[in-house]
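First comes the structure, then the notes that go with it.
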Amino acid sequence: MTFSAFRRHLMAAAVASSLALTAGLAQAQVKLRLSSPASPTDQRAVAMLEVFGPAVKDFAAFEGHWNASLFKQGTELEAISRGNLEMSIASAQELAEFFPEFSVFSAGYVHRDAAHQVKVFNSDFFQAYKKKVEDKLGVKLLTVMYLGRRHVNLRTDKPVNTPADLSGVKLRMPGSEAWLFLGRALGANPTPMAFTEIYQGLQSGAIDGQDNPLPTVKDAKFFEVTKQIALTSHLVDLNYLTISKKVYDRLTPDQQKRLQKAADDAAESARQRQLKLEDELVAFFKEKGLKVYTPDLAAFRKHVQGEYLKSDLAKKWDSGILDKINGL
Ligand code: KDO
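Here's what the structure looks like:
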């Protein structure tokens, strides 16, 4: 080899190794910023920080941004799609804004419990839903997270036994069509409002109530500004832990596998803690002076299911999907 050929060879080797180093560094520095309206004491936030973050830390830096401090509730999926955010905890209702058929997973009295949510997420038929979100939005649904059974939580003390008792009640719902429909299906007058504004809305009387699972009512301190919880269990609520497909594709197959396991482990840890809290919290709210009681569940179920079945939302559902979900 001549001297100059040797030098060219050396330079090429140096460039190659510096490229490899840069790629390695870039990988070591994959930043995973997650934005969510959830409070930092929400069990999903806790699990992401305590279970997910540490499990991926040698190839990714996980950052949880809570209380909607990075992106407003409902704007996260678009932010990921545009490359401005890496992760979120998305609802089926938010996905229904892009893919109307997702509203079936947000409908009242469809999912039975936390285990049923997992079965649906892992079912053969759900793979096509995941693929569509990946292909069209560039968002990967990693795993399903349990939020809990949503109940009606009011600042007024008139008891709620049937949907008719919610007539005229300004019930705060998140601001998307599938959410507002749920409020109407309950018999209430749904008022769109971001999660982070609920406390003040209840305090000032801008809204009469809100619906959320018991652990959320505690985390967000809604019990301080409300008088009763009617245990309607109208939605066994879920969220999907999401990641940018582009970011995910930059990981090695081994890292992808570890990230997937970290996501599933975090979801499982949060699910178990959330279920335990749901069992314990009725006593806590009663101690705080709230009335907590079970209304006429058959009346709520019949009314809510009837409203969905005759709705425009249901017209967008894939044929036979309800039977497939119920059959699991
Ligand atoms: C809410 O805004 O009521 C809601 O419970 C909707 C859920 O989909 C989810 O976004 C949740 O807020 C946040 O994670 C805060 O708990």
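If you count the sequence shown from 1, position 10 lands on 10 in our numbering, and the numbers rise without skipping. Even glycine gets a Cβ: it sits at the ideal position worked out from N, Cα and C.
State the start and end residues of the unbroken alpha helix (DSSP H) segment that holds residue i.
i    : result
T41  : Premise fails: T41 is in no alpha helix (DSSP H) and is neither H nor E.
D279 : P253 to E287
T216 : L214 to D219
Y308 : L297 to L309
V30  : Here V30 belongs to no alpha helix (DSSP H); instead the beta strand (DSSP E) covers V30 to S35.
E78  : E76 to S81
G201 : I198 to S204
G320 : Here G320 belongs to no alpha helix (DSSP H), and DSSP marks it neither H nor E.
L313 : D312 to K315
Let me make sure I understand the geometry here. Which of the options has the alpha-carbon closest to that of residue i?
i    : options                   : result
E101 : I325, K315 and K324       : K315
L241 : L259, Q274, P253 and D124 : L259
D211 : I198, D254 and G205       : I198
A61  : W179, L251, V133 and R33  : R33
H111 : D254, R150 and K132       : R150
S35  : G74, F52 and A55          : G74
D279 : K218, N122 and R155       : K218
N239 : A299, G289 and V120       : V120
M87  : F99, K136 and T143        : T143
A206 : P213, D265, L214 and T191 : T191
Q305 : I243, K276 and H234       : H234
R44  : R273, T294 and I325       : R273
W66  : F99, P54, T196 and G168   : T196
S244 : G83, E97, V56 and S69     : G83
W317 : A96, N189 and Q29         : A96
L166 : D113, A230, A128 and V118 : A230
Y293 : Q228, V133 and L186       : Q228
A68  : Q93, D42 and G53          : D42
D58  : G183, V30, K276 and A299  : V30
F285 : S269, L171, E76 and E224  : E224
T232 : P213, K246, R271 and A47  : P213
M193 : H303, K221, A90 and K72   : K72
Cα separation between residue i and residue j?
i    : j    : result
K291 : M173 : 22 angstroms
F125 : L322 : 11 angstroms
A79  : G175 : 17 angstroms
N153 : T216 : 11 angstroms
G209 : A178 : 18 angstroms
S103 : D237 : 12 angstroms
Y308 : Q203 : 31 angstroms
G138 : S81  : 6 angstroms
G108 : R301 : 8 angstroms
R250 : K131 : 18 angstroms
A263 : K158 : 42 angstroms
N122 : L141 : 11 angstroms
G320 : G327 : 11 angstroms
F105 : P163 : 22 angstroms
L147 : L281 : 14 angstroms
Q256 : Y248 : 7 angstroms
L85  : G187 : 37 angstroms
A298 : S311 : 20 angstroms
A220 : E94  : 21 angstroms
F222 : G289 : 13 angstroms
L277 : K246 : 36 angstroms
A92  : A283 : 30 angstroms
Would you check whether the ligand KDO has a heavy atom nearer than 6 angstroms to the C-beta of residue i?
i    : result
P37  : yes
P174 : yes
T216 : yes
F195 : yes
S91  : yes
N212 : yes
Taking residue i as part of the beta strand (DSSP E), name the residues at either end of that continuous run.
i    : result
V139 : V139 to L154
H116 : That residue, H116, is in no beta strand (DSSP E); its alpha helix (DSSP H) goes A114 to N122.
Q228 : Q228 to S244
A90  : M87 to A90
G183 : It is not in any beta strand (DSSP E) - G183 instead sits in the alpha helix (DSSP H) that spans E177 to A185.
G56  : One point to set straight first is that residue 56 is Val, not Gly, in the sequence displayed. V56 -> not in any beta strand (DSSP E); alpha helix (DSSP H) instead, spanning G53 to V56.
M48  : Run containing M48: none; DSSP gives neither H nor E here.
E63  : A60 to H65
N189 : N189 to P192
Y293 : K291 to Y293
R250 : It is not in any beta strand (DSSP E) - R250 carries neither H nor E in the DSSP assignment.
Measuring only from the beta carbon, is residue i closer than 6 angstroms to any heavy atom that is part of the ligand MN?
i    : result
I325 : By its list of ligands, the structure shown excludes the ligand MN, since it contains just the ligand KDO.
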